[in-house]
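Chemist:
There are 2 protein chains.
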Amino acid sequence: MITTIQDVLKEFKSDMERMEHRIHESLGTDVELIRQVSKYILGAGGKRFRPLLHLLSARLCGCRDHSAEYTLGGVVEFIHTASLLHDDVIDEAKIRRGKSSANSLWGNQASILVGDYLYSKALYHGVRLQNQRVMDVLSETTTTMSEGEVLQLMQIQNIDITETDYYRLVECKTGVLISASCRLGAIIGKAPLSQEDALTAYGKKLGYAFQITDDTLDYAADQKQLGKVLGKDLAEGKVTLPLIYAIRKAAPEEKSRLDRILQAEAMTDADLSYTIGIMEKYDTVNEALAVAQSFSDGAKADLNVFPDSSPRQALLALADYVVQREM
Amino acid sequence: MITTIQDVLKEFKSDMERMEHRIHESLGTDVELIRQVSKYILGAGGKRFRPLLHLLSARLCGCRDHSAEYTLGGVVEFIHTASLLHDDVIDEAKIRRGKSSANSLWGNQASILVGDYLYSKALYHGVRLQNQRVMDVLSETTTTMSEGEVLQLMQIQNIDITETDYYRLVECKTGVLISASCRLGAIIGKAPLSQEDALTAYGKKLGYAFQITDDTLDYAADQKQLGKVLGKDLAEGKVTLPLIYAIRKAAPEEKSRLDRILQAEAMTDADLSYTIGIMEKYDTVNEALAVAQSFSDGAKADLNVFPDSSPRQALLALADYVVQREM
Numbered sequence: 001m002i003t004t005i006q007d008v009l010k011e012f013k014s015d016m017e018r019m020e021h022r023i024h025e026s027l028g029t030d031v032e033l034i035r036q037v038s039k040y041i042l043g044a045g046g047k048r049f050r051p052l053l054h055l056l057s058a059r060l061c062g063c064r065d066h067s068a069e070y071t072l073g074g075v076v077e078f079i080h081t082a083s084l085l086h087d088d089v090i091d092e093a094k095i096r097r098g099k100s101s102a103n104s105l106w107g108n109q110a111s112i113l114v115g116d117y118l119y120s121k122a123l124y125h126g127v128r129l130q131n132q133r134v135m136d137v138l139s140e141t142t143t144t145m146s147e148g149e150v151l152q153l154m155q156i157q158n159i160d161i162t163e164t165d166y167y168r169l170v171e172c173k174t175g176v177l178i179s180a181s182c183r184l185g186a187i188i189g190k191a192p193l194s195q196e197d198a199l200t201a202y203g204k205k206l207g208y209a210f211q212i213t214d215d216t217l218d219y220a221a222d223q224k225q226l227g228k229v230l231g232k233d234l235a236e237g238k239v240t241l242p243l244i245y246a247i248r249k250a251a252p253e254e255k256s257r258l259d260r261i262l263q264a265e266a267m268t269d270a271d272l273s274y275t276i277g278i279m280e281k282y283d284t285v286n287e288a289l290a291v292a293q294s295f296s297d298g299a300k301a302d303l304n305v306f307p308d309s310s311p312r313q314a315l316l317a318l319a320d321y322v323v324q325r326e327m
Numbered sequence: 001m002i003t004t005i006q007d008v009l010k011e012f013k014s015d016m017e018r019m020e021h022r023i024h025e026s027l028g029t030d031v032e033l034i035r036q037v038s039k040y041i042l043g044a045g046g047k048r049f050r051p052l053l054h055l056l057s058a059r060l061c062g063c064r065d066h067s068a069e070y071t072l073g074g075v076v077e078f079i080h081t082a083s084l085l086h087d088d089v090i091d092e093a094k095i096r097r098g099k100s101s102a103n104s105l106w107g108n109q110a111s112i113l114v115g116d117y118l119y120s121k122a123l124y125h126g127v128r129l130q131n132q133r134v135m136d137v138l139s140e141t142t143t144t145m146s147e148g149e150v151l152q153l154m155q156i157q158n159i160d161i162t163e164t165d166y167y168r169l170v171e172c173k174t175g176v177l178i179s180a181s182c183r184l185g186a187i188i189g190k191a192p193l194s195q196e197d198a199l200t201a202y203g204k205k206l207g208y209a210f211q212i213t214d215d216t217l218d219y220a221a222d223q224k225q226l227g228k229v230l231g232k233d234l235a236e237g238k239v240t241l242p243l244i245y246a247i248r249k250a251a252p253e254e255k256s257r258l259d260r261i262l263q264a265e266a267m268t269d270a271d272l273s274y275t276i277g278i279m280e281k282y283d284t285v286n287e288a289l290a291v292a293q294s295f296s297d298g299a300k301a302d303l304n305v306f307p308d309s310s311p312r313q314a315l316l317a318l319a320d321y322v323v324q325r326e327m
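So the protein sequences, as listed, match chains Y and C. Under the numbering used here, the first residue of the first sequence carries the number 1, and numbering increases by one thereafter. Under the numbering used here, the first residue of the second sequence carries the number 1, and numbering increases by one thereafter.
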């Protein structure tokens, strides 16, 4: 019985090793700088969450084309990695997963261009599968993701962002790629549409649960020892769910101060402490976590159309994992 | 008889108007910032050279699916425009086609992300044609283009760049997209492979002729009045063909000074005058232009497999145009 992330990784260890090999093999270029930057960012502690979801979804649908699974696992990881490279330039990030960001090591130019390369190479490998539905999903996904990035830019420092705006951002930024990772598994598994829809819905809710939990971790004081910078979203002017809840409940003078913190050029420790204090006062991190939990529950319910199997157990375990993870 | 660029634009005026309409229609997003930036850059004096080449190539092959022509014309223009947006960020360009660059108006962040959007949207429209060969060409093209951008970055300020390196850069940066624009016309025109190969070869040589001519214009003093900044490549440390020829012929002390100019943080008017002086001394602009002319001649010869027709006359006229144009 698979119930934890450790069980999942153990059960699918050899598959994920083959996936890992394919990911590195897929880079395929003789351009040294692309190889260097890509190896660094692909090797920098990524959990291969999207490739794993893709593999499990394909297996759940009885996919026998394991080569296509590894190919598409690599494709979704490349798209994810490309978006991280561009994100870090946009956010002027110095740190990614506790290590120096690629842009701080090789500069913004290399990060932009290697990101472009990974996007292109992802689509290149997708195209070679000669499957129209795969390409439909991939091209819609990257388009929506890039719309989401622009939307996010437009919402920076906006204290009046609505929950609806926030959910749209989360869907574009995180939901569609995670959802596509699952859906592509159903497509290459030649699943009936009902199963494809179920996996698409599962992935979308999982993406929400994942991102909302991630957004709360930005304010979770005990994360500091895990090498995660606290208040990164706040410093970048990104208003996420626990902050939206806090703004909504704050007294006028509290809201004014939160707004000043958001508009400030630089964030001080006092700013962060004040913001966390307001969140604690109104218990908004737990309120956001409860929403994440309900998305996780919903994701699990979407898998009801499938009979019990080890991939199904694994996907259920991942739905628990995303709301429990501590890093 | 079509012999000049004006003849071409007159003959295919209504088609290019429909193309123009499709290009703007294809943007398809409700995200205001994407619309603003895209409209600006798509409207900023682009000559629609690649869409025109695509249209003419398709017509040359007897294509009857005019809607596919307009779609793919938009696709190649989007890819080109996306690469300009990213290029201008990489080069920290202030000016593009005599107007302020998008990054100087909206910032690097918007330029990077809207570039990503245009890449994605281009592939999205390409995918919707449901033609595997179209997608093969598009995905190979964007991959090669992004490799070329990284290669270019690696060759910045390299006085020892070889002609071979330079030609590879030109092929990646300019050749493959122009070549793909022509080839895609043959594909949707359902041309036999011999014709597709001929148009691919024509486009590749045309791309070389176009880029080499463009590289000489960077040092052509009478361009200043046309709103073009002189010595832009030199200031950015890009070593192009007329400079490669100059470096090769320069005396040791001349080469040393050229190298110092290339390595300098900022380029002075004296630096530019000196460099142009060396080029005039060894007549390297004309030497490069002769190479461009021979590529143009070769491109025209590639069209020998086609019988006379107005698209063929137009493509011949464009091969003359790229080596004659003054902006």
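Every residue gets a Cβ at the ideal spot worked out from N, C-alpha and C, and that includes glycine.
Name the chain Y residues whose beta carbon is nearer than 9 Å to that of residue 116 of chain C?
Modeler: Here the neighbours are 82, 83, 86, 115, 116, 119, 142, 145, 146, 149 and 150.
Chemist: Within 9 Å of any Cβ in chain C, is that where the Cβ of residue 127 of chain Y sits?
Modeler: Answer yes: the Cβ-Cβ gap between residue 127 of chain Y and chain C drops below 9 Å somewhere.
Chemist: On the three-state DSSP scale, how would you describe residue 188 of chain Y?
Modeler: Of the three classes helix, strand and coil, the one that applies to residue 188 of chain Y here is helix, per DSSP.
Chemist: In chain order, which continuous runs of the alpha helix (DSSP H) of length 4 or greater are located wholly inside the stretch 32-83 of chain Y?
Modeler: The stretch 32-83 of chain Y contains these whole alpha helix (DSSP H) runs: 32-43 and 49-60.
Chemist: Please go through the same chain and pick out, in chain order, the residues whose beta-carbon is closer than 7 Å to the beta-carbon of residue 176 of chain C, but skip the five residues on each side of it.
Modeler: If we look at residue 176 of chain C and ignore the five residues flanking it on each side, its Cβ neighbours are 141, 144 and 145.
Chemist: Determine the chain C residues that contact residue 71 of chain Y at a beta-carbon separation under 9 Å, and present them in chain order.
Modeler: Those within 9 Å of residue 71 of chain Y in chain C number zero; the least Cβ separation is about 13 Å.
Chemist: Just mark residue 193 of chain Y as buried or exposed, buried being the case when its beta carbon has 16 or more other beta carbons within 10 Å.
Modeler: Residue 193 of chain Y is exposed by the Cβ-count criterion.
Chemist: Using a Cβ-Cβ cut-off of less than 8 Å, list which residues of the stretch 228-251 of chain C approach chain Y; keep chain order.
Modeler: The residues in question: there are none.
Chemist: What is the rounded straight-line gap between the Cα of residue 52 of chain Y and the Cα of residue 73 of chain Y?
Modeler: C-alpha separation (whole angstroms): 7 Å.
Chemist: Report yes or no: is there a C-beta of chain Y within less than 9 Å of the C-beta of residue 17 of chain C?
Modeler: Chain Y, which has no Cβ nearer than 9 Å to the Cβ of residue 17 of chain C, makes this no.
Chemist: Cα separation between residue 94 of chain C and residue 102 of chain C?
Modeler: Answer to the nearest angstrom: the Cα atoms are 8 Å apart.
Chemist: Using C-beta distances below 7 Å, list every residue in its chain close to residue 135 of chain Y, excluding the 5 sequence neighbours before and after it, in chain order.
Modeler: So the list reads 126 and 127, once near-sequence residues are dropped.
Chemist: Given that a residue counts as buried once 16 or more other Cβ atoms are within 10 Å of its Cβ, and exposed if not, what is residue 43 of chain C?
Modeler: With fewer than 16 other Cβ atoms within 10 Å, it is exposed.
Chemist: In terms of residue numbering, what span does the alpha helix (DSSP H) encompassing residue 303 of chain Y cover?
Modeler: Run containing residue 303 of chain Y: none; DSSP gives neither H nor E here.
Chemist: Within a Cβ cutoff of 6 Å, which residues of the same chain sit near residue 203 of chain C, ignoring the five residues on either side of it in sequence?
Modeler: The answer, listed in chain order, is 178, 179 and 182.
Chemist: For residue 96 of chain C, which residues of its own chain have a beta-carbon under 8 Å away from its beta-carbon, when the five flanking residues on both sides are left out?
Modeler: Once the five neighbours on either side are set aside, the close Cβ partners of residue 96 of chain C are 41, 44, 84, 88 and 102.
Chemist: Could you check where the alpha helix (DSSP H) with residue 115 of chain C kicks off and where it finishes?
Modeler: From DSSP, the alpha helix (DSSP H) with residue 115 of chain C extends over 102-127.
Chemist: At a CB-CB cut-off below 8 Å, which residues of chain C make contact with residue 198 of chain Y?
Modeler: Here the premise fails: no neighbours, minimum Cβ distance about 24 Å.
Chemist: By the three-class DSSP mapping on this structure, what secondary structure does residue 325 of chain Y have?
Modeler: It is coil, neither helix nor strand.
Chemist: With burial defined as no fewer than 16 other Cβ atoms inside 10 Å of the residue's Cβ, what is the status of residue 10 of chain C: buried or exposed?
Modeler: Exposed, because fewer than 16 other Cβ atoms sit within 10 Å of the Cβ of residue 10 of chain C.
Chemist: Indicate whether at least one CB of chain Y lies closer than 9 Å to the CB of residue 103 of chain C.
Modeler: Not closer than 9 Å to any Cβ of chain Y, the Cβ of residue 103 of chain C fails to qualify, so no.
Chemist: Are the C-beta atoms of residue 31 of chain Y and some chain C residue less than 9 Å apart?
Modeler: Chain C contact via Cβ: present.
Chemist: Who are the neighbours of residue 179 of chain C on chain Y, taking C-beta pairs under 9 Å?
Modeler: Here the premise fails: no neighbours, minimum Cβ distance about 16 Å.
Chemist: Roughly how many whole angstroms lie between the Cα atoms of residue 271 of chain C and residue 26 of chain C?
Modeler: Spanning the two alpha carbons is a distance of roughly 44 Å.
Chemist: Going by other Cβ atoms of all chains shown within 10 Å of its Cβ, with 16 needed for buried, is residue 115 of chain Y buried or exposed?
Modeler: Buried.
Chemist: Checking the sheet assignment: what are the DSSP bridge partners for residue 205 of chain C?
Modeler: Paired residue(s): none; residue 205 of chain C is not in a bridge.
Chemist: Given this structure, state the Cα-to-Cα distance separating residue 328 of chain Y from residue 20 of chain Y, to the nearest angstrom.
Modeler: Residue numbering for chain Y in the displayed model covers 1 to 327; residue 328 of chain Y lies beyond these limits and cannot be assessed.
Chemist: If you check the beta carbons only, do residue 285 of chain Y and residue 201 of chain Y fall under 9 Å apart?
Modeler: Against a cut-off of 9 Å, the Cβ pair of residue 201 of chain Y and residue 285 of chain Y comes out as no contact.
Chemist: So the candidates are C:12, C:154 and C:71; which of them puts its Cα closest to the Cα of residue 36 of chain Y?
Modeler: Of the candidates C:12, C:154 and C:71, the one whose C-alpha sits nearest the C-alpha of residue 36 of chain Y is C:154.
Chemist: Quick one, which of C:295, C:59 and C:90 has its alpha-carbon nearest residue 184 of chain C's?
Modeler: Of the listed residues, the one whose Cα sits closest to residue 184 of chain C is C:59.
Chemist: With a Cβ-Cβ cutoff of 9 Å, do residue 292 of chain Y and residue 216 of chain Y count as a contact?
Modeler: Against a cut-off of 9 Å, the Cβ pair of residue 216 of chain Y and residue 292 of chain Y comes out as a contact.
Chemist: Which residues in chain C sit within 7 Å of residue 167 of chain Y, going by Cβ to Cβ distance?
Modeler: By Cβ distance, chain C contributes nothing, its closest Cβ being about 16 Å from residue 167 of chain Y, past 7 Å.
Chemist: Indicate the three-state DSSP secondary structure (helix, strand or coil) for residue 248 of chain C in the structure shown.
Modeler: Residue state, collapsed to three classes: helix.
Chemist: Determine which residues share a DSSP beta bridge with residue 278 of chain C and list them.
Modeler: Answer by DSSP bridge pairing: none, since residue 278 of chain C is not bridged.
Chemist: According to DSSP, is residue 261 of chain Y part of a helix, a strand, or is it coil?
Modeler: Residue state, collapsed to three classes: helix.
Chemist: Taking only beta-carbon positions, decide if residue 89 of chain Y is within less than 9 Å of chain C.
Modeler: It does: the Cβ of residue 89 of chain Y has a partner Cβ on chain C nearer than 9 Å.
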